[in-house]
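>
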Amino acid sequence: MQAFKPHVAAIVIFSVALVLPASLLRAQQIAHPVEGLQEIPAAGEKLVRLDPRSMTFKVVQGENEGRLVSVSLSNAAADPEGWELFFEGLYTLLIRRDRRGAVAIEEVDLQERGKRIVFEPPLTLIPEVLRAGERIQNAGRADIFDLQTGEPTHSAGYDFTIRTMSRAVFNIPAGRISGYLLEYEFHIDLALANIRIDLESGWSDQQQLIYWRSKRTVEKLGFFGSTTFRTMALAGRKQAGNPIAPVSPPPDQ
4 MQAFKPHVAA IVIFSVALVL PASLLRAQQI AHPVEGLQEI PAAGEKLVRL DPRSMTFKVV
64 QGENEGRLVS VSLSNAAADP EGWELFFEGL YTLLIRRDRR GAVAIEEVDL QERGKRIVFE
124 PPLTLIPEVL RAGERIQNAG RADIFDLQTG EPTHSAGYDF TIRTMSRAVF NIPAGRISGY
184 LLEYEFHIDL ALANIRIDLE SGWSDQQQLI YWRSKRTVEK LGFFGSTTFR TMALAGRKQA
244 GNPIAPVSPP PDQ
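Residue numbers (my numbering): 4 to 256.
Shown next, in the form of structure tokens:
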């Protein structure tokens, strides 16, 4: 994998590639298994712990519903100060924490699409500090490469926004877990298409990733747009043996 630089992997994930005027209304509209939302200030270094680990997520809504996905966090082979957040068969995010505690996505490999996206500057996954009602925005350039050949395929500007961070309770296969929910919005304009990704990430009080939701909308010039989404959450001990109550898809799908 190339040296850390921010990219489109975020797009798929953010598609990767987890969307009332307050957070609670948004949560109800999305119909995801999150409740008790309350915007609060928090420091990024207290939300996420970067250490090697592996876990199993289950797709509880959207594409490949019911599928189990191996998720791991490990040191990046090419950069000992970087970390790889790997979602089996879907995407890999190259992330890094700065001295102030913020965590950013520098690069994303989209296995299911055969693309690598590098972001400059990197996308902020976890901010240094996020205050209630505050939106954090940044813009930059995303370079897209063929994952197999390494040849560049596209380059375009992007806009990225952290819309809110809230205290939340996650009702997921692993149980009822308290933590924090962050909501993001990502846009990239290509020559013949506009891509928007609404992303949510959920972190437990133990500073571990437990929830990931992405909604990807593609509008092509001269054609109808398309929308896909996927919600994943930490699986229970019995994993596939534990049935999950169905979740209704968002009304705008």
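Just so you know, even glycine gets a beta-carbon here, dropped at the ideal spot from N, CA and C.
It should be emphasised that the depicted structure is a prediction, and the values quoted were computed from it without experimental measurement.
1) Helix, strand or coil, according to DSSP, for E66 in the structure here?
2) Excluding the five sequence neighbours on either side, which residues of its own chain have a C-beta within less than 7 Å of the C-beta of P83, listed in chain order?
3) Taking its Cβ as the centre, do 16 or more other Cβ atoms sit within 10 Å of P176, making it buried, or is it exposed?
4) If you reduce the DSSP assignment to three classes, tell me which class G47 lands in.
5) From the DSSP output, read off the bridge partner residues of L202.
6) For V63 and M168, which I take to be in contact (beta-carbon distance under 8 Å), what is that distance rounded to the nearest angstrom?
7) Using 8 Å for Cβ pairs, my map puts L74 next to F60. What's the rounded Cβ distance?
8) Is the beta carbon of A196 closer than 8 Å to that of V221?
9) Can the beta-carbon of A180 be found closer than 8 Å to that of S204?
10) Return yes when the C-beta of R134 is under 7 Å from any heavy atom of the ligand SAM, and no when it is not.
11) Could you pull out every residue in the same chain whose Cβ sits closer than 6 Å to the Cβ of G47, ignoring the five residues on either side in sequence?
12) Please classify F148: is it buried, with 16 or more other beta-carbons within 10 angstroms of its beta-carbon, or exposed?
13) Hey, how far is the Cα of D79 from the Cα of I108?
14) Provide the residue span of the beta strand (DSSP E) that contains T95, from first to last.
15) Is the Cβ-Cβ distance between K218 and I191 less than 8 Å?
16) Based on Cα-Cα distance, which residue from F163, R119, L133 lies nearest to E188?
17) Quick check on DSSP: helix, strand or coil for D112?
18) Would F173 pass as a contact of I213 if the rule is Cβ separation under 8 Å?
19) Grouping DSSP H, G and I as helix and E and B as strand, with all else coil, what is L2?
20) Enumerate in chain order the residues of its own chain whose CB-to-CB distance from L133 is below 6 Å, with the five nearest sequence positions on each side excluded.
21) What separation, rounded to the nearest whole angstrom, lies between the Cα atoms of R99 and F122?
Well, looking at it:
1) coil
2) none
3) buried
4) helix
5) Y187, S217
6) No, V63 and M168 are not in contact; Cβ-Cβ is about 22 Å, not under 8 Å.
7) In the sequence as presented, Leu is not what sits at residue 74; that position holds Val. Contact holds; Cβ gap of about 5 Å.
8) yes
9) This sequence places Ile at residue 180; Ala is not what is there. Not in contact: I180 and S204 (Cβ atoms no closer than 8 Å).
10) Ligands displayed in this structure: none; no statement on the ligand SAM is therefore possible.
11) G104, A105, I129, P130, E131
12) buried
13) The question names Asp, yet the displayed sequence has Ala at residue 79. C-alpha separation (whole angstroms): 13 Å.
14) 94-100
15) no
16) F163
17) strand
18) yes
19) Nothing about residue 2 can be reported from this structure: the residues present for the chain run from 4 to 256 only.
20) M168
21) 13 Å
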